[in-house]
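>
There are 2 protein chains.
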Amino acid sequence: MFSQTVEYALRATVHLAIHAESPQRTAAIAESTKVPLAYLSKILQGLQRGQIVHLQRGIGGGVKLALSPDRLTVLDVVNAVDPIKRIKSCPLNLMSHGPNLCELHRRLDDSMLSIEESLGTTTLSELMKKSNPSPAICEDAEVTKNDSAFVPIRG
Amino acid sequence: MFSQTVEYALRATVHLAIHAESPQRTAAIAESTKVPLAYLSKILQGLQRGQIVHLQRGIGGGVKLALSPDRLTVLDVVNAVDPIKRIKSCPLNLMSHGPNLCELHRRLDDSMLSIEESLGTTTLSELMKKSNPSPAICEDAEVTKNDSAFVPIRG
Numbered sequence: 106m107f108s109q110t111v112e113y114a115l116r117a118t119v120h121l122a123i124h125a126e127s128p129q130r131t132a133a134i135a136e137s138t139k140v141p142l143a144y145l146s147k148i149l150q151g152l153q154r155g156q157i158v159h160l161q162r163g164i165g166g167g168v169k170l171a172l173s174p175d176r177l178t179v180l181d182v183v184n185a186v187d188p189i190k191r192i193k194s195c196p197l198n199l200m201s202h203g204p205n206l207c208e209l210h211r212r213l214d215d216s217m218l219s220i221e222e223s224l225g226t227t228t229l230s231e232l233m234k235k236s237n238p239s240p241a242i243c244e245d246a247e248v249t250k251n252d253s254a255f256v257p258i259r260g
Numbered sequence: 106m107f108s109q110t111v112e113y114a115l116r117a118t119v120h121l122a123i124h125a126e127s128p129q130r131t132a133a134i135a136e137s138t139k140v141p142l143a144y145l146s147k148i149l150q151g152l153q154r155g156q157i158v159h160l161q162r163g164i165g166g167g168v169k170l171a172l173s174p175d176r177l178t179v180l181d182v183v184n185a186v187d188p189i190k191r192i193k194s195c196p197l198n199l200m201s202h203g204p205n206l207c208e209l210h211r212r213l214d215d216s217m218l219s220i221e222e223s224l225g226t227t228t229l230s231e232l233m234k235k236s237n238p239s240p241a242i243c244e245d246a247e248v249t250k251n252d253s254a255f256v257p258i259r260g
């Protein structure tokens, strides 16, 4: 149900939340999160337009979260790149139907609402809580260990 | 989050549940549910493979649900044409990661599970309950009124 774009955007932003102390190079994020570099570059542009990340070019630049991880939810990231489509009016566009949803579309929309509520109350910080049984996101440890923040971003 | 294929498959099956008394012509379903005929024909083939509908060609033929509407859930229809993709193992395929999901993927999978549970307990019959505030699905009333079941299906 979640698109590849959403999956990649979430991997990148959780990576940025974990490494929030300094800007991260696009190439290093791509390597650590296993996201193709060209695809990641486009996604980061979308995240910048959605005010989720801040891209700074040049020496000492890189990608950072635009807000603290406890102020960004998983839903914020999803909606910045591939918004959850709620059903606001009848998809059949019948004139006779009026503004109310039929039972089928009401129940499908209820499912969308429950996802919005669940992801909208999950901050990036919560994913990183030490009390969680698992890490926030899997990363390629060797790549992350050698990651240097102070190289101009590419792409 | 639900694909166009899922939307169309659900419209068609709810239409068949409402008109369960006799086989329905593909062209009539397409007209009443506003689904393009060629697209609907392909979807009906998928629904037949998934044992959701039964297609009978020739005089007196048409499309019928393969089971009673109280034995078919919305999830059955979704999974026959575009299955909900649960996250069973780490999408990053890291060797070091082992079989457990990270927090991010566990929470995304929880969302998928809640949709499965919600749609898996909603039968087509429930959508048609007279106590519901709205009809099961909107249909083009004029088209449905003139619908004749005893014409060979097309497509």
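Chains as they are written, first to last, in the numbering used here: chain D, 106 to 260; chain V, 106 to 260.
The beta carbon of each residue, even a glycine, is placed where N, CA and C say it ideally should be.
1. Expressed to the nearest angstrom, what Euclidean distance is found between the alpha-carbon atoms of D:Arg-116 and V:Leu-232?
2. Looking at chain D, is there any beta carbon in it that lies within less than 8 Å of the beta carbon of V:Val-179?
3. Is it right to say D:Ile-164 is buried, meaning 16 or more other beta carbons lie within 10 angstroms of its own, or is it exposed?
4. Determine the burial state of V:Ala-122: buried for a count of at least 16 other Cβ atoms within 10 Å of its Cβ, exposed for fewer.
5. Out of V:Leu-180, V:Leu-197, V:Asn-184, point me to the one whose CA is closest to V:His-210's CA.
6. Check D:Thr-226 in the structure and name its three-state DSSP category.
7. Return yes when the Cβ of D:Ser-216 is within less than 8 Å of the Cβ of V:Ser-223, no when it is not.
8. Find out if the Cβ-Cβ distance for the pair V:Val-168, V:Val-158 is shorter than 8 Å.
9. Between D:Leu-197 and chain V, is there a C-beta pair that is closer than 8 Å?
10. If the cut is a Cβ gap below 9 Å, which residues of chain V does D:Lys-147 touch?
11. Under 7 Å, CB to CB, which of the residues in the segment 221-243 of chain D have a partner in chain V?
12. Under the rule that 16 or more other beta-carbon atoms within 10 Å means buried, what is V:Arg-176, buried or exposed?
13. For V:Val-119, return the contacting residues in chain D, with the cut-off set at a CB-CB distance below 9 Å.
14. By how many angstroms is the C-alpha of V:Lys-235 removed from the C-alpha of D:Val-186?
15. With burial defined as no fewer than 16 other Cβ atoms inside 10 Å of the residue's Cβ, what is the status of D:Ala-114: buried or exposed?
16. Between D:Ser-194 and chain V, is there a C-beta pair that is closer than 8 Å?
Taking the definition as stated:
1. The residue labelled residue 116 of chain D in the question sits at position 11 within the first sequence. The residue labelled residue 232 of chain V in the question sits at position 127 within the second sequence. D:Arg-116 and V:Leu-232: Cα-Cα distance of roughly 38 Å.
2. Here residue 179 of chain V refers to the residue found at position 74 when the second sequence is read from its first residue. Answer yes: the Cβ-Cβ gap between V:Val-179 and chain D drops below 8 Å somewhere.
3. Taking the first residue of the first sequence as position 1, residue 164 of chain D is located at position 59. Counting Cβ neighbours within 10 Å, D:Ile-164 comes out exposed, since fewer than 16 surround it.
4. For the purposes of this step, residue 122 of chain V is taken as the residue at position 17 of the second sequence. Of the residues assessed, V:Ala-122 falls on the buried side of the cut-off, its CB having 16 or more other CB atoms within 10 angstroms.
5. Locating residue 210 of chain V in the second sequence gives position 105, where the first residue counts as 1. Among V:Leu-180, V:Leu-197, V:Asn-184, the Cα nearest to that of V:His-210 is on V:Leu-197.
6. Residue numbering aside, residue 226 of chain D sits at position 121 when the first sequence is read from its first letter. Shown here, D:Thr-226 sits in coil according to DSSP, grouped into three states, outside any helix or strand.
7. Counting from 1 along the second sequence, the entry for residue 223 of chain V is found at position 118. Counting from 1 along the first sequence, the entry for residue 216 of chain D is found at position 111. A contact, by the Cβ cut-off of 8 Å.
8. Against the second sequence, residue 168 of chain V aligns to sequence position 63. Against the second sequence, residue 158 of chain V aligns to sequence position 53. Going by C-beta atoms, V:Val-168 is nearer than 8 Å to V:Val-158.
9. Within the first sequence, the letter at position 92 stands for residue 197 of chain D. Interface flag for D:Leu-197 against chain V is set, since a Cβ pair is found closer than 8 Å.
10. Taking the first sequence and counting its residues from 1, the one referred to as residue 147 of chain D is at position 42. In chain V, no part has a C-beta under 9 Å from the C-beta of D:Lys-147; the shortest such distance is about 19 Å.
11. Within the segment 221-243 of chain D, the residues whose Cβ lies closer than 7 Å to some Cβ of chain V are Ser-223, Leu-224, Thr-227, Leu-232, Asn-237, Ser-239, Pro-240, Ala-241, Ile-242, Cys-243, listed in chain order.
12. As a first step, residue 176 of chain V must be located in the second sequence, where it is residue number 71. With fewer than 16 neighbouring CB atoms inside 10 Å of its own CB, V:Arg-176 falls in the exposed class.
13. For this step, residue 119 of chain V is matched to residue 14 along the second sequence. Neighbours of V:Val-119 on chain D, chain order: Cys-207, Glu-208, Leu-209.
14. The residue given as residue 186 of chain D occupies position 81 in the first sequence. The residue given as residue 235 of chain V occupies position 130 in the second sequence. Rounded to whole angstroms, D:Val-186 to V:Lys-235 spans 40 Å at the Cα level.
15. Residue numbering aside, residue 114 of chain D sits at position 9 when the first sequence is read from its first letter. D:Ala-114 should be labelled buried.
16. Position 89 of the first sequence, counting from 1, holds the residue named residue 194 of chain D. No - not a single Cβ of chain V is within 8 Å of the one on D:Ser-194.
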